[in-house]
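Residue numbers (the working numbering): 13 to 533.
One structure is given here, and the rest of the page talks about it.
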Amino acid sequence: MNRTDMWRRIEAHTQAWDMIVVGGGATGVGVAIDAAARGYDVLLLEQSDFGKGTSSRSTKLAHGGVRYLEQGNIGLVMEALKERGLLLQNAPHIVHDLAFVVPNYDWWEAPFYGLGLKLYQLLAGKYGFGVSRILSKEETLEHLPTLKTEGLRGGAVYYDGQFDDARLLIHMVATAFEQGATLLNYVAVTGLTKDAQGFVNGVGARDVETGNDFRATAKVVVNATGAFSDLLRLKAEPSATAMIVPSQGIHLVFDSSFLQGESAVMVPHTSDGRVLFAIPWHGHTLVGTTDTPIAAATIEPVALELEIEFILATARQYLTKAPTREDVLSVFAGIRPLVRATGVATTAALSRDHVIHVDRSGLVTVCGGKWTTYRHMAEDCVDQAATLAQLPDKPCVTHHLRIHGFHEATKELGALAVYGSDAYEVRKLIETDPDLREPLHAALPYLKAEVVWAARHEMARSVEDVLARRTRALFLNARAALAMAPAVADLMALELGWDELARTRQLAAFRDVASNYVLHL
Ligand SMILES: Cc1cc2nc3c(=O)[nH]c(=O)nc-3n(C[C@H](O)[C@H](O)[C@H](O)COP(=O)(O)OP(=O)(O)OC[C@H]3O[C@@H](n4cnc5c(N)ncnc54)[C@H](O)[C@@H]3O)c2cc1C
């Protein structure tokens, strides 16, 4: 999978594509997998890197959403629990189950949460992950040794899924490619073309790397641009009314001493009525999130001081080692592409259901939903897009479609486990060049070989692509990622043929982005 071959495919493609998908996040790549696996001819264009948007910035939970159960949205919970099960079945190398403990401080909490979580478990049916139950105080502390004991009565444990979002996404890109789709990062859709009847029949696009413009025609265009959906809709129809209410959520990352053990904490009601998680992730502690309405989406959102202080203050209420600003290794923000609804007071109360909307111009927009439900969103979207474009009827086949890298015994792969079966290929690189065995930083497990692998086989085009999404260095420890950047740039310069000026520019661009992930004291 590399950009040169993808370009060749586009140049050789003289007819209209069955489908062009705009946006390379979970939603767009999910649509590309589904459509290509049915046998449709698909082109996907992403303006930045795959997953640069929200899809690398989530809480990384494959979950039904206990919170939505409380809101009474049983349909969404059941759909998401089924999808959680399918994700584990189709990508066991990236998704795994995790115990979540709800600590109890009041007498009524044990029966209340115990019952609710039992219902959550039952709704999963045959896709269940583990048996939820009420815990004594001692059992709660066995799960969470660093939980504050003052006033603690016990807890309730339930099971959900956890994954590495950007890693799953790049393996989904590879899956779509294997099914026949053509996918390009760093190509922005700049406009939509229409036929004589005013129906969208293609896109105008720009290769961000060269500045070259080109056009591609399609029987149907799918808008999967997440929080940017309305911008593309406006290109098709200047009078289109906004569908998206962007809402920002942030996470803080600490070292593993703050949350010892292998379980996560779930706080069902923070001081402002939200849910907060503290989760062990890649040997670190991930704490979040917030739900802050914002005026407009940006591609590199920045955490607000209020959000940072809120997470620190809430984490201090629960953890024995009180986290401070000095302890924050990374802070990252993402934007939820929530769908507008009338009569809803806060973004937290807006539904996480997905919507498929067809504009009068025939542009199909798929938005809302969750990472967990990407496959189901894609199935719905392709069903509707195919009908609209009068494509031959073909059934969805993704229920049992294995994601690239599928591997069931990942423990033996050690730090390379998230690569699944690709880990053997990464190891082969090391065998041919033992220098690639060298770690890039003492604080993180990443090896030089992973940079070479990302540039050669995963379409990484920048230092940021490698440090933020092919590895998760920037999300785990921003200062360590900054320290790794020159070595990463050296390796990429060799792979991609950068001259000194290109290398210097890459490093400056990475420093710029990384400054948003370093918490300034
Ligand atoms: C803080 C937070 C925590 C979350 N946690 C979870 C969780 O734990 N579990 C869960 O299931 N869900 C979670 N979600 C929701 C989930 O992350 C999102 O629903 C999902 O990632 C949205 O994916 P997307 O593809 O629709 O959007 P994006 O990932 O934003 O993708 C849209 C893409 O479109 C591209 N694009 C935009 N305009 C153009 C253009 N003109 N041309 C080409 N490309 C373009 C963008 O660059 C972007 O990459 C969370 C969301 C947030 C914000």
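Heads up, the beta-carbon is just placed ideally off N, CA and C, and yes, glycines get one too.
Predicted model, so just to flag it, every value in this text is computed and none were measured.
In this structure, Leu486 lies near Ala480, with their beta-carbon atoms less than 8 Å apart.
In this structure Ile306 does not touch Ser60 by the C-beta definition: roughly 19 Å separates them, more than the 8 Å allowed.
Following the DSSP letters along the chain, one finds Val201 in no alpha helix (DSSP H) but inside the beta strand (DSSP E) bounded by residues 199-206. Between Asn224 and Tyr171, the alpha-carbon positions lie close to 49 Å from each other.
Leaving aside the five residues that flank Tyr386 on each side, the residues in its chain whose CB is nearer than 7 Å to its CB run, in chain order, Ala38, Thr39, Gly42. Burial check for Pro349: the Cβ neighbour count within 10 Å reaches 16 or more, so the residue is buried. Per DSSP, Asp219 lies in no alpha helix (DSSP H) segment; the continuous beta strand (DSSP E) that holds it begins and ends at 212-219.
For Leu98, the Cβ stays outside the 7 Å cut-off from all heavy atoms of ligand 1.
Burial check for Lys72: the Cβ neighbour count within 10 Å reaches 16 or more, so the residue is buried. The nearest non-hydrogen atom of ligand 1 is 7 Å or more from the C-beta of Gly214. Residue nearest to Val530 within the set His453, Thr326, Glu317 is Glu317 (criterion: CA-CA distance). The beta-carbon distance between Arg96 and Tyr139, rounded to whole angstroms, is 7 Å. This is short enough to meet the 8 Å contact definition. In this structure, the C-beta of Leu57 approaches ligand 1 to less than 7 Å from one of its heavy atoms.
In its chain, beyond the 5 residues on either side, Leu100, Phe141, Gly142, Tyr171, Asp172, Gly173, Gln174 have a beta carbon closer than 8 Å to the beta carbon of Asp109. Trp29: member of the beta strand (DSSP E) spanning 29-34, first to last residue. Boundaries of the beta strand (DSSP E) harbouring Gln174: 166-174, taken from the DSSP string. Between the beta-carbon of Thr205 and that of Asn213 there is about 6 Å, and that keeps the pair under the 8 Å contact cut. For a cut-off of 8 Å, the C-beta gap from Met18 to Leu196 is around 5 Å, short enough to register as a contact. Inclusion of Arg69 in the 7 Å shell around ligand 1 follows from its C-beta lying nearer than that to a non-hydrogen atom of the ligand. The residues Ser373, Gly374, in chain order, have a CB closer than 7 Å to that of Phe211 in the same chain once the five nearest residues on each side in sequence are set aside. A check of alpha carbon separations from Glu162 across Ala501, Ala397, Ala353, Asn116 identifies Asn116 as the nearest. As a beta-bridge residue in DSSP terms, Gln260 pairs with Thr304, Ile347. Taking non-hydrogen atoms of ligand 1 into account, the C-beta of Val500 is found less than 7 Å away from none of them. Around the C-beta of Lys440, fewer than 16 other C-beta atoms lie within 10 Å, and the residue is accordingly described as exposed.
Of the other Cβ atoms in all chains shown, 16 or more fall within 10 Å of the Cβ of Ala178; this residue is therefore buried. Trp293 is bridged by DSSP to His296. Within 10 angstroms of the beta-carbon of Phe112 lie 16 or more other beta-carbons, which makes it buried.
With a cut-off of 7 Å, the C-beta of His453 is classified as distant from ligand 1, since no heavy atom of the ligand falls inside that distance.
Leu243 is the residue among Pro258, Ala325, Leu243 whose C-alpha sits nearest the C-alpha of Ser251. With at least 16 other beta carbons inside 10 angstroms of its own, Arg50 counts as buried. Under the Cβ criterion (8 Å, minimum of three pairs), the region 275-285 does not count as touching the region 235-242.
Per DSSP, Ile106 is not a residue of any alpha helix (DSSP H), being assigned neither H nor E. In the three-state DSSP reduction, His155 falls in the helix class (H, G or I). Counting the other CB atoms within 10 Å of its CB gives Phe226 a total below 16, which places it among the exposed residues. Take Lys406, set aside five residues on each side of it, and the residues of its chain with a beta-carbon closer than 6 Å to its own are Arg50, Gly51, in chain order.
Relative to ligand 1, Ser373 has its C-beta separated by 7 Å or more from all heavy atoms.
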